[in-house]
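Chemist: Got a structure for you, written out below as structure tokens; questions coming shortly.
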């Protein structure tokens, strides 16, 4: 999210940064997707509890971007700068309405998911030891009899 905020803020001053920010986010998405599918063993599920935090950070980045854009255009004496004043207000209003409408549903796990009993337990010790190369395994030496 920090990269998105920085790219949004500086895209007003130098639009070329959008390409580098997009490349960074795309490569990060590919790496994270690969790790999530092939490397990480998830022990829990959050059921969307992280989403309200991400929405808050996205809205904060948007407001910072809009204030930066308003200030930069004001310094450059752009004629249509006063038309940008409603943007942060609309963003705050959207965040307030979204919070009122959707925030409640993220605090409670749906009954359908809560009723499902955890059927399988992953043996994490077996998962960890299965990825040790043979050259690094500890072999117990048994003396000849």
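Numbering (the working numbering), first residue to last: 43 to 187.
Ideal placement from N, C-alpha and C gives every residue a C-beta, glycine not left out.
None of the values given here were measured: they were computed from a predicted structure.
Are there 16 or more other CB atoms within 10 angstroms of the CB of residue 138, so buried, or fewer, so exposed?
Modeler: exposed
Chemist: Count Cβ pairs between the segment 119-127 and the segment 62-72 that sit closer than 8 Å; are there 3 or more?
Modeler: Taking one beta carbon from each stretch, the segment 119-127 and the segment 62-72 have fewer than 3 pairs nearer than 8 Å; the two do not touch.
Chemist: I'd like to check one pair, residue 50 with residue 107: are the Cβ atoms closer than 8 Å?
Modeler: Residue 50 sits close to residue 107, with the two beta carbons spaced by under 8 Å.
Chemist: How many angstroms separate the CA atom of residue 77 from the CA atom of residue 71?
Modeler: 10 Å
Chemist: Do you know whose CA, among 150, 119, 115, 167, lies nearest residue 54's CA?
Modeler: 115
Chemist: Once the 5 residues before and after residue 60 are set aside, which same chain residues still bring their CB inside 8 Å of it?
Modeler: Counting only Cβ-Cβ distances below 8 Å, and skipping sequence neighbours, we find 49, 53.
Chemist: With DSSP run on the structure shown, which of helix, strand or coil describes residue 67?
Modeler: Three-state DSSP puts residue 67 in a helix.
Chemist: Could you tell me the distance, in whole angstroms, from the CA atom of residue 94 to the CA atom of residue 142?
Modeler: 11 Å
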